[in-house]
């Protein structure tokens with residue numbers, strides 16, 4: 028039996044950085060945070076795609092699996108992390124990061 032082709036093609040890390048830069052420019056202008064690959068996120072969050080990205084206030088760390096996710100899910104994850112990035116240094120919740128994604132970057136996080 029022939030194997031079905033995959034519906035999702037992985038994007039390159041450069042394409043992912045371009046998506047992040049596009050989201051960032053919509054709300055803040057400038058170059059924005061840098062993406063850093065993290066195999067640690069891949070191992071620790073294998074069952075929860077929402078956890079394939081995190082920030083430290085300087086960079087956004089991403090699991091390799093993020094390159095395989097559908098565009099709308101990738102966009103939501105990246106905008107959510109941009110929300111954390113904007114709020115860095117201020118106590119905030121996951122819902123606050125989602126709100127920043129919507130208000131600052133124009134992305135409704137719905138996953």
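Residue numbers (this note's numbering): 28 to 138.
Ideal placement from N, C-alpha and C gives every residue a C-beta, glycine not left out.
Source: prediction; values computed, not measured.
Subject >> Close beta carbons around residue 81, own chain, < 6 Å, minus the five adjacent residues each side >> reply: Within the chain shown, residue 81 is the residue found at index 54, counting from 1. Within the same chain, residue 81 has close Cβ partners 88.
**OP:** Measure how close the beta-carbons of residue 125 and residue 107 come, nearest whole angstrom, since I'm counting them as under 8 Å.
**Re:** Within the chain shown, residue 125 is the residue found at index 98, counting from 1. Within the chain shown, residue 107 is the residue found at index 80, counting from 1. About 6 Å; that satisfies the 8 Å criterion.
**OP:** Measure the Cβ-Cβ separation of residue 116 and residue 127 and say whether it is below 8 Å.
**Re:** As a position in the chain shown, residue 116 is number 89, starting the count at 1. As a position in the chain shown, residue 127 is number 100, starting the count at 1. In this structure, residue 127 does not lie closer than 8 Å to residue 116 by Cβ.
Subject >> Through-space distance from residue 94 to residue 43, alpha-carbon basis >> reply: Taking the chain shown and counting its residues from 1, one reaches residue 43 at position 16. Taking the chain shown and counting its residues from 1, one reaches residue 94 at position 67. Straight-line Cα distance between these residues: approximately 7 Å.
Subject >> residue 88 (DSSP reduced to helix, strand or coil) >> reply: Position 61 of the chain shown, counting from 1, holds the residue named residue 88. Residue 88: strand per DSSP, three-state reduction.
Subject >> Whole-angstrom C-beta distance between residue 79 and residue 92, which should lie under 8 Å >> reply: As a working mapping, residue 92 is identified with position 65 in the chain shown. As a working mapping, residue 79 is identified with position 52 in the chain shown. Correct: roughly 6 Å between the Cβ atoms.
**OP:** Give me the Cα-Cα distance between residue 133 and residue 85, rounded to the nearest whole angstrom.
**Re:** As a working mapping, residue 133 is identified with position 106 in the chain shown. As a working mapping, residue 85 is identified with position 58 in the chain shown. About 21 Å.
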